[in-house]
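Chemist: Chains as they are written, first to last, in my numbering: chain A, 781 to 1031; chain B, 109 to 379.
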């Protein structure tokens, strides 16, 4: 891994090691309603990332004293499966997972009409099955679809992407190697229709101008992800419509 | 998974705070871009290698630096180790409960850690006494003592002040790779240093350094760590609300213009 620090992440044509341009997303595929027990669910693949999200609720709060009189309690658990990363991750929650669970919850909550369901809870369970960089933002993109699939009333979806800094320039949607060997990472989540930022974090060094540029790169990519989110939701419900209509014919 | 204690601000109070803000007034009479009085004291704990007590208004935070000789992480064998820990102890506020660290403790520690790490405040590459075998492990422990809002900026200031004034034992190597820790102390190798600026959003109004009551009514907050060259070395949005892109940039500009004022509070580096 010491050797990895010297990896050049851009070739002479300005292409990245996986052949992408600096402002290019990895291929993204979302599927809604993939689990039977959960009230809503979604599966996302972004490049080599594979993430599954389940939503339960609105349901009774346990423990009961956590219930809030004027709004729903949104809970979120981001977790990486032990075999999702090159070196096995111990199953107990790491400090990183604890923090990410919090920021992901706070990225989703602005989109939800939490005041519609007082004294209830909605649980969002995120399991990273395979990780290749930008898992927190990919989780958010899938979680918003799972929430919509569960029928939770929302102002907007939330889609998210990371902007990293590799070989001194900004690059959209950093993969695992670029995250590890790059100079910085800025995950950004937005409500695509409302244009509101619900998550922004960064590490590494960014100038003011780079922050402004990163926000604009993220905004464009988030519109792309939003299309795939809507397509996934439409696909699930058009299947249901087909099923219902074919039953009518038989009846 | 959730907040420790759910505090409700009475609606008339909330409305009073928000309507005052619309007129440009804050509950404690400050301007939107004005910090409360800041004090920084260093060298307050004899047994710590470095220490600092910071107050921002009524908010008080103490931070200490301890070092120990240990092994490096396998992915960075030629570097020392930096570990930041924060604990929101029940002494500091009725909303803090005893128990293992929860998401708020972890978030605070990790944001301070990122600010220090990204700006290379501690020169970790200078802390590998025998690369791959023996390195200094630097522990920075942050304890809020009295919570009246804006723990991020106070904790960041305390952690950086403690680090900048820390002195660690001199070492020498005997034989092949036996480390001898000597009595004599040398300054902890430090380079850059960040300051942390938190901006709270209420409606479309942005204010810096929110006090506790403002934190209760805010929609969201954003913290920037700013290094000596005016670069952002950590960002963290928190809270239930959201920011427009232009509000993020406006908050960043507030942080950039206030950073020099905060930087003056830091002790000058020993070397």
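Backbone N, C-alpha and C fix where the C-beta goes; we use that ideal spot for every residue, glycine too. Note that the coordinates shown come from a computational prediction; the quantities given were computed from them, not determined experimentally.
Around the C-beta of residue 1017(A), are 16 or more other C-beta atoms found within 10 angstroms, so that it is buried, or is it exposed?
Modeler: Working through the first chain from its first residue, we reach residue 1017(A) at position 237. Residue environment: residue 1017(A) is assigned as exposed (fewer than 16 neighbouring CB atoms within 10 Å of its CB, all protein chains considered).
Chemist: Does the distance between the C-beta of residue 279(B) and the nearest non-hydrogen atom of the ligand FAD fall short of 7 Å?
Modeler: Of ligands this structure carries none, so the ligand FAD is not represented either.
Chemist: Can you name the start and end residues of the alpha helix (DSSP H) that residue 319(B) belongs to?
Modeler: Translated into the one-based positions of the second chain, residue 319(B) becomes position 211. That residue, residue 319(B), is in no alpha helix (DSSP H); it is neither H nor E in DSSP.
Chemist: I think residue 279(B) touches residue 246(B), with their Cβ atoms under 8 Å apart; what is that distance to the nearest whole Å?
Modeler: Locating residue 279(B) in the second chain gives position 171, counting from the first residue. Locating residue 246(B) in the second chain gives position 138, counting from the first residue. Their Cβ separation, rounded to whole angstroms, is 14 Å, which puts residue 279(B) and residue 246(B) out of contact at 8 Å.
Chemist: If the cut is a Cβ gap below 7 Å, which residues of chain B does residue 984(A) touch?
Modeler: By 1-based counting over the first chain, the position of residue 984(A) is 204. Result: 226.
Chemist: Which residues bound the beta strand (DSSP E) around residue 825(A)?
Modeler: The residue given as residue 825(A) occupies position 45 in the first chain. Residue 825(A) -> beta strand (DSSP E) spans 820-826.
Chemist: Check whether the Cβ atoms of residue 801(A) and residue 809(A) lie closer than 8 Å to each other.
Modeler: In the first chain, residue 801(A) corresponds to position 21, counting from 1. In the first chain, residue 809(A) corresponds to position 29, counting from 1. It is not a contact, given that the beta carbons lie outside the stated cut-off.
Chemist: If the criterion is Cβ atoms closer than 8 Å, does the pair residue 829(A) and residue 918(A) meet it?
Modeler: For the purposes of this step, residue 829(A) is identified with residue 49 of the first chain, where counting begins at 1. For the purposes of this step, residue 918(A) is identified with residue 138 of the first chain, where counting begins at 1. Contact flag set, yes.
Chemist: Determine the chain B residues that contact residue 941(A) at a beta-carbon separation under 9 Å, and present them in chain order.
Modeler: The sequence position of residue 941(A) within the first chain is 161, counting from 1. Result: empty, since nearest Cβ-Cβ is about 14 Å, beyond 9 Å.
Chemist: Determine which residues of the segment 872-900 of chain A have a Cβ less than 7 Å from any Cβ of chain B, and write them out in chain order.
Modeler: 875, 878, 879, 881, 882, 886, 889 and 890
Chemist: Measuring straight from C-alpha to C-alpha, what distance separates residue 316(B) and residue 177(B)?
Modeler: Counted from its first residue, the second chain places residue 316(B) at position 208. Counted from its first residue, the second chain places residue 177(B) at position 69. Looking at the two C-alpha atoms, the distance is approximately 40 Å.
Chemist: Is the CB-CB distance between residue 952(A) and residue 804(A) below 8 Å?
Modeler: Translated into positions along the first chain, residue 952(A) becomes position 172. Translated into positions along the first chain, residue 804(A) becomes position 24. The answer is yes: Cβ separation under 8 Å.
Chemist: Taking only beta carbons into account, state which residues of the segment 967-992 of chain A come closer than 7 Å to chain B, listed in chain order.
Modeler: 971, 975, 976, 977, 978, 979, 980, 981, 982, 983, 984, 985, 986, 987, 988, 991 and 992
Chemist: Buried or exposed for residue 339(B), please, with buried defined as at least 16 other CB atoms from any protein chain shown within 10 angstroms of its CB.
Modeler: Indexing the second chain from 1 puts residue 339(B) at position 231. Looking at its Cβ environment, which holds 16 or more other Cβ atoms inside 10 Å, residue 339(B) is buried.
Chemist: If the criterion is Cβ atoms closer than 8 Å, does the pair residue 240(B) and residue 185(B) meet it?
Modeler: Reading the second chain from its first residue, position 132 is the one you call residue 240(B). Reading the second chain from its first residue, position 77 is the one you call residue 185(B). The answer is yes: Cβ separation under 8 Å.
Chemist: Hey, residue 1013(A) and residue 797(A): beta-carbon distance below 8 Å or not?
Modeler: Here the question's residue 1013(A) lines up with position 233 in the first chain. Here the question's residue 797(A) lines up with position 17 in the first chain. No, the pair does not count as a contact, with Cβ atoms beyond the cut-off.
Chemist: For residue 850(A), which residues from the same chain have a beta carbon less than 7 Å from its beta carbon, with the 5 sequence-adjacent residues on both sides left out?
Modeler: Position 70 of the first chain, counted from the first residue, corresponds to residue 850(A). Excluding residues within five positions, the ones whose Cβ falls inside 7 Å are 895 and 898.
Chemist: Residues of chain A with a CB under 7 Å from the CB of residue 342(B): which are they?
Modeler: Stepping through the second chain from its first residue, residue 342(B) is reached at position 234. Residues of chain A passing the Cβ test: 982 and 983.
Chemist: Would you check if there are 3 or more beta carbon pairs closer than 8 Å linking the segment 306-321 of chain B to the segment 255-273 of chain B?
Modeler: yes
Chemist: Quick check: the Cα distance between residue 304(B) and residue 118(B), rounded to an integer number of angstroms?
Modeler: The residue you call residue 304(B) lines up with position 196 of the second chain. The residue you call residue 118(B) lines up with position 10 of the second chain. Straight-line Cα distance between these residues: approximately 31 Å.
Chemist: Which residue or residues does DSSP assign as beta-bridge partners of residue 174(B)?
Modeler: Locating residue 174(B) in the second chain gives position 66, counting from the first residue. Residue 174(B) is bridged to 247(B).
Chemist: Assign residue 126(B) to one of three DSSP states: helix, strand, or coil.
Modeler: Stepping through the second chain from its first residue, residue 126(B) is reached at position 18. Helix, per DSSP.
Chemist: Let me see if you follow: with CB-CB separation under 8 Å, is residue 999(A) close to chain B or not?
Modeler: Position 219 of the first chain, counted from the first residue, corresponds to residue 999(A). It does: the Cβ of residue 999(A) has a partner Cβ on chain B nearer than 8 Å.
Chemist: Is the CB-CB distance between residue 230(B) and residue 271(B) below 8 Å?
Modeler: Here residue 230(B) is taken as the residue at index 122 of the second chain, counted from 1. Here residue 271(B) is taken as the residue at index 163 of the second chain, counted from 1. Against a cut-off of 8 Å, the Cβ pair of residue 271(B) and residue 230(B) comes out as a contact.
Chemist: Going along chain B, which residues have a C-beta under 7 Å from residue 995(A)?
Modeler: Residue numbering aside, residue 995(A) sits at position 215 when the first chain is read from its first letter. Those within 7 Å of residue 995(A) in chain B are 353 and 356.
Chemist: Would you mind working out which of 347(B), 337(B) and 324(B) sits nearest residue 331(B), comparing C-alpha positions?
Modeler: In the second chain, residue 331(B) corresponds to position 223, counting from 1. Comparing Cα-Cα distances from residue 331(B) to each of 347(B), 337(B) and 324(B), the minimum goes to 347(B).
Chemist: Just checking: is the beta-carbon of residue 329(B) within a distance shorter than 8 Å of some beta-carbon in chain A?
Modeler: For the purposes of this step, residue 329(B) is identified with residue 221 of the second chain, where counting begins at 1. So, not an interface residue.
Chemist: Who are the neighbours of residue 249(B) on chain A, taking C-beta pairs under 7 Å?
Modeler: Sequence index remark: in the second chain, residue 249(B) carries index 141 (1-based). Near residue 249(B) there are no residues of chain A at all, since even the closest Cβ is about 14 Å away, more than 7 Å.
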